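So for the sequence shown, our numbering puts the first residue at 3; every next one is plus one. Single-structure report; data block below.
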Amino acid sequence: MKITIITVGKLKEKYWKQAVDEYVKRLGAYTKMELIEVQDEKDSDNMSDKDIEIAKQKEAERILSKIKDDSYVYTLEIEGKQLNSVELSRHIENNMNMGKSHLTFIIGGSNGLHSSVSARSNYKLSFSKMTFPHQMMKVILLEQVYRSFRIMKGQDYHK
């Protein structure tokens, strides 16, 4: 099993990097991990809708170029389906049991995902109706994937 997480933008703050590193280390007992950061487009408060769409398209091209053909793709989208931790664990486990050995999770940039990335998605997943910074979302996603594996293995996961 291999899990790839593709994010738009780089982690800059040390505390986010430390949190990501900790969960990647923990996940090493369960799966191979690959973290890919693609360049984000510069953003400003006065961007037109057309400028935003162009930026999202450029980011989409970078994202799509990193997705392997055989990968089952989860996109994190506000309008996606919300699952609790046990349901997410079962979803991941069902994919593994169906022979899907490569799962890819995608976290978009500040303007969201382009429709072409959403169209490539096999499963649109929402963690909340709220918007989170992509740095924080990366940590939350990694924690939930880690929790999913602990649930699958029948290990404690409330700690």
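For each residue, glycine too, the CB sits at the ideal point set by N, CA and C. Please read all numbers here as calculations on a predicted model, not as lab measurements.
Whole-angstrom Cβ separation of residue i and residue j, contact assumed at under 8 Å?
{"i": "Ile-7", "j": "Lys-68", "result": "In fact, because the Cβ distance is near 10 Å, the residues do not count as touching under 8 Å."}
{"i": "Gly-111", "j": "Asp-42", "result": "5 Å"}
{"i": "Thr-180", "j": "Val-75", "result": "An answer regarding residue 180 cannot be provided, because it is not within the stretch 3 to 161 covered by the chain."}
{"i": "Met-139", "j": "Ile-108", "result": "In fact, because the Cβ distance is near 11 Å, the residues do not count as touching under 8 Å."}
{"i": "Glu-15", "j": "Val-40", "result": "The Cβ separation is near 19 Å, so there is no contact."}
Rounded to the nearest angstrom, what separates residue i and residue j at their Cα positions?
{"i": "Asn-86", "j": "Arg-64", "result": "30 Å"}
{"i": "Gln-157", "j": "Ser-123", "result": "30 Å"}
{"i": "Lys-161", "j": "Glu-81", "result": "Because Lys-161 carries a pLDDT of 48, less than 50, the predicted location of this residue cannot be relied on, and the following value inherits that uncertainty. Looking at the two C-alpha atoms, the distance is approximately 29 Å."}
{"i": "Asn-99", "j": "His-93", "result": "10 Å"}
{"i": "Glu-95", "j": "Met-154", "result": "7 Å"}
{"i": "Asp-45", "j": "Glu-89", "result": "35 Å"}
Using only CA atoms, which one of the options lies nearest to residue i?
{"i": "Leu-78", "options": "Asn-99, Ser-117, Glu-36, Lys-60", "result": "Ser-117"}
{"i": "Gln-84", "options": "Met-132, Gly-11, Asn-96, Val-141", "result": "Met-132"}
{"i": "Gln-146", "options": "Phe-129, Asn-96, Lys-155, Ser-50", "result": "Phe-129"}
{"i": "Lys-58", "options": "Leu-143, Arg-28, Asp-71, Val-10", "result": "Val-10"}
Among all the DSSP beta bridges, which residues are the ones paired with residue i?
{"i": "Phe-107", "result": "Ile-7, Tyr-76"}
{"i": "Leu-37", "result": "Ile-7"}
{"i": "Lys-102", "result": "None; Lys-102 has no bridge partner."}
{"i": "Gln-84", "result": "Ser-128"}
{"i": "Gly-30", "result": "Note: Gly-30 sits in no beta bridge, so no partner."}
{"i": "Gly-156", "result": "Looking at the DSSP assignment, Gly-156 forms no beta bridge with any residue, so it has no partner."}
On the DSSP letters alone, give me the boundaries of the alpha helix (DSSP H) that residue i sits inside.
{"i": "Ile-54", "result": "51–68"}
{"i": "Ser-117", "result": "117–122"}
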